[in-house]
Amino acid sequence: MGVRFNWDFLGIMASLACAIHCAVLPLFMTSLPLFGVNIVNNLSFEILMIILAAVIGLYSLTHGFKKHHHRKLPITLFIVGIVLLLAKQVLHEWDIYFLIPAVILIVAAHYFNYRLCRSADQCHTDDCKH
-11 MGVRFNWDFL GIMASLACAI HCAVLPLFMT SLPLFGVNIV NNLSFEILMI ILAAVIGLYS
49 LTHGFKKHHH RKLPITLFIV GIVLLLAKQV LHEWDIYFLI PAVILIVAAH YFNYRLCRSA
109 DQCHTDDCKH
């Protein structure tokens, strides 16, 4: 009996971790620089989180697309969310206006992918492996 890993769950958790980092840390942990820890507004950390979310998300969503539901909606939502996260890094004065919809779109993409994978009764092509 093999163990199955739910990539959508990991993608949702990575997106939520990113949201917590971006929204909660600046509010509650402004004392981190006093201890020599600076992950708030650290460009390297921000880029690392976006890359992590993109890699996990794209793997999860393409797996669901190829093997189960063949719907482009989750991947489209996800890509728009990642583009908004990248825009947040460039247009700092508008970051909250990019962050909130980005997180909503990324979590929604994983949610829709999860629901579509669970509801897929038949394959649309011969390469599906249900």
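Going left to right, the sequence shown walks through residues -11 to 118 as the working numbering numbers them. Positions of the beta carbon are idealized from the N, C-alpha and C atoms, including for glycine. Since this is a predicted model, take the numbers as computed values, not measurements.
Local Cβ density within 10 Å of residue i, reported as buried at 16 or more and exposed below that
{"i": "N(-6)", "result": "exposed"}
{"i": "I0", "result": "buried"}
{"i": "H80", "result": "exposed"}
{"i": "L40", "result": "exposed"}
{"i": "L65", "result": "buried"}
{"i": "S107", "result": "exposed"}
Proximal residues to residue i (C-beta, below 7 Å), its chain only, five neighbours per side dropped
{"i": "A42", "result": "I70"}
6 Å CB neighbourhood of residue i in its chain, flanking five on each side removed
{"i": "P62", "result": "L49, A97, F100, N101"}
{"i": "F86", "result": "L72, A75, K76"}
Residue i - containing alpha helix (DSSP H), residue span
{"i": "K54", "result": "Element bounds for K54: n/a, residue is neither H nor E."}
{"i": "L79", "result": "First-last for L79: undefined, no H or E at that position."}
{"i": "F86", "result": "83 to 107"}
Near the ligand ADP: residue i beta-carbon under 7 Å from a heavy atom
{"i": "L36", "result": "Among the ligands in the structure shown, none appear at all, so the ligand ADP cannot be discussed."}
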